[in-house]
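Numbering follows this note's numbering, with no gaps: position 303 of the sequence shown is 303.
All C-beta atoms, glycine included, are put in the ideal place defined by N, C-alpha and C.
Structure first, commentary second.
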Amino acid sequence: IPPTLFADHAARGIAAKEQEMTIAKHLWEWYDLKVPPLEADVKLTGPDRAVAGLRGRMSPDELKQWDAIYEPRNASFRESNLQGEDLVKWKFQRYLKDYLRCIAGVDTQVGRVLASLEELGLAENTLVIYSSDQGFFLGENGWYDKRFMNDPALQIPLVMRWPGVIPEGTRNGNMVQNLDFAPTFLDIADTIIPHDIQGESLLPLLRGEVPEKWRPSIYYEYTGEPTHNVAAHYGVRTAEWKLIRWPESNEWELFDLLRDPHEVTSQYDSDEQIIGGGTYRDVSEKLKMELVRLRKLYRVPNP
Numbered sequence: 001i002p003p004t005l006f007a008d009h010a011a012r013g014i015a016a017k018e019q020e021m022t023i024a025k026h027l028w029e030w031y032d033l034k035v036p037p038l039e040a041d042v043k044l045t046g047p048d049r050a051v052a053g054l055r056g057r058m059s060p061d062e063l064k065q066w067d068a069i070y071e072p073r074n075a076s077f078r079e080s081n082l083q084g085e086d087l088v089k090w091k092f093q094r095y096l097k098d099y100l101r102c103i104a105g106v107d108t109q110v111g112r113v114l115a116s117l118e119e120l121g122l123a124e125n126t127l128v129i130y131s132s133d134q135g136f137f138l139g140e141n142g143w144y145d146k147r148f149m150n151d152p153a154l155q156i157p158l159v160m161r162w163p164g165v166i167p168e169g170t171r172n173g174n175m176v177q178n179l180d181f182a183p184t185f186l187d188i189a190d191t192i193i194p195h196d197i198q199g200e201s202l203l204p205l206l207r208g209e210v211p212e213k214w215r216p217s218i219y220y221e222y223t224g225e226p227t228h229n230v231a232a233h234y235g236v237r238t239a240e241w242k243l244i245r246w247p248e249s250n251e252w253e254l255f256d257l258l259r260d261p262h263e264v265t266s267q268y269d270s271d272e273q274i275i276g277g278g279t280y281r282d283v284s285e286k287l288k289m290e291l292v293r294l295r296k297l298y299r300v301p302n303p
């Protein structure tokens with residue numbers, strides 16, 4: 001299990017304490033964990049629309065397979081009457097295993113696409129990119145879902161295959177974003193990249209070159225909405241640091257990503273000396289200036 005599954009967020013701000021996305025308390029039994037309501041509950045409260053919606057998308061044969069897998073496991077879960085940390089661990093395992101089964105299904109379909117490219121003789125002249133729209137918490141910080149600027153949600157997968165251009169097994173540590181996709185595609189197609197486009201072409205990186213002025217940081221912003229009660233926030237991440245601004249509570253958080261990769265303890269305003277000289281407070285001030293630069297670069301309206 002993740003080392004922070006039972007985190008209490010004592011060394012973090014208000015937002016981390018008031019969110020509603022914990023595995024312990026906020027996972028929906030049916031929608032998230034595939035444990036349907038008991039008949040007695042259905043008679044009392046009426047049918048669950050999420051249950052009806054999900055089951056209504058399946059054919060009779062698919063429903064039969066679904067029930068054959070989940071019904072005995074759900075019966076065993078109800079009989080066990082788990083409590084406390086044991087219940088949280090069960091929820092985590094059920095949620096994670098279902099998630100990984102989805103990943104395995106995606107992997108199978110990606111394999112079919114790659115096999116078809118080989119069969120059609122197109123593999124050597126095709127750039128294949130696998131990515132996603134967001135990361136996802138899978139028990140880190142005790143959470144599921146996304147929204148927060150913590151790395152499990154901030155980071156997205158990015159795997160590319162381009163025979164003859166990208167050597168097999170290449171790994172790149174430069175900071176890239178999904179807004180780089182559009183200029184990359186235009187660059188590969190040898191088409192003009194509009195001057196006001198916000199991303200950068202990844203083509204030099206794919207060729208093993210690193211432009212002299214490649215970005216030293218990335219900007220993130222979540223505007224907030226009621227789901228999971230995650231407050232609006234924005235911030236900057238570098239290779240070593242992350243600074244987050246919480247406007248509603250007038251708070252800042254600073255994370256030392258090398259010493260605290262799980263982002264458990266905010267060091268904002270700390271006068272502790274750091275390796276290389278200066279204090280955490282000094283780092284916070286430098287990152288504030290970088291945050292101002294990025295917001296101006298991306299034309300972000302002032303809150």
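Which residue wins for smallest C-alpha separation from tyrosine 220, given the options Leu206, Asn81, Thr238?
Comparing Cα-Cα distances from tyrosine 220 to each of Leu206, Asn81, Thr238, the minimum goes to Thr238.
Grouping DSSP H, G and I as helix and E and B as strand, with all else coil, what is aspartate 8?
coil
Assign leucine 63 to one of two classes, buried (16 or more other C-beta atoms within 10 Å of its C-beta) or exposed (fewer than that).
exposed
Taking the DSSP output, what are the residues bridged to arginine 101?
Answer is none; arginine 101 lacks a bridge partner.
Using the Cα positions of tryptophan 162 and phenylalanine 181, report the straight-line distance between them to the nearest angstrom.
Computed Cα separation, rounded: 15 Å.
Roughly how many angstroms separate the alpha carbons of leucine 291 and glutamate 119, rounded to a whole number?
One C-alpha to the other measures close to 48 Å.
Can you tell me where the beta strand (DSSP E) holding isoleucine 218 begins and where it ends?
218-222
Give the list of continuous alpha helix (DSSP H) stretches no shorter than 4 residues that lie fully inside the region 200-245.
203-206
Take the Cβ of alanine 115 as the centre, count every other Cβ of all protein chains shown within 10 Å, and call the residue buried at 16 or more, exposed below.
exposed
Spatially closest choice to lysine 17 from Asn229, Thr126, Pro247, Pro204, by CA coordinates
Asn229
DSSP on tryptophan 90, reduced to helix/strand/coil?
The three-state secondary structure of tryptophan 90, taken from DSSP, is helix.
Close Cβ partners of alanine 7 (< 6 Å) along its chain, the five nearest in sequence each way excluded
Asn141, Gly142
Distance check for leucine 54 and glutamine 65, CA to CA, integer angstroms please.
14 Å
If I measure Cβ to Cβ from isoleucine 129 and keep anything under 7 Å in the same chain, skipping five residues before and after, which residues do I get?
Met160
State the start and end residues of the unbroken alpha helix (DSSP H) segment that holds tryptophan 66.
60-80
Taking 9 Å as the threshold (C-beta atoms), are tyrosine 95 and isoleucine 23 in contact?
It is a contact, given that the beta carbons lie within the stated cut-off.
Hey, would you say leucine 287 sits closer than 9 Å to leucine 243, going by beta carbons?
yes
Considering only DSSP beta bridges, list what glutamate 251 is partnered with.
Trp246
Does the beta-carbon of tyrosine 144 have 16 or more other beta-carbons within 10 angstroms, so that it is buried, or is it exposed?
buried
Just reading off the alpha helix (DSSP H) that serine 284 is part of, what are its end residues?
280-297
Simplified DSSP assignment, three categories, for glutamine 273:
strand
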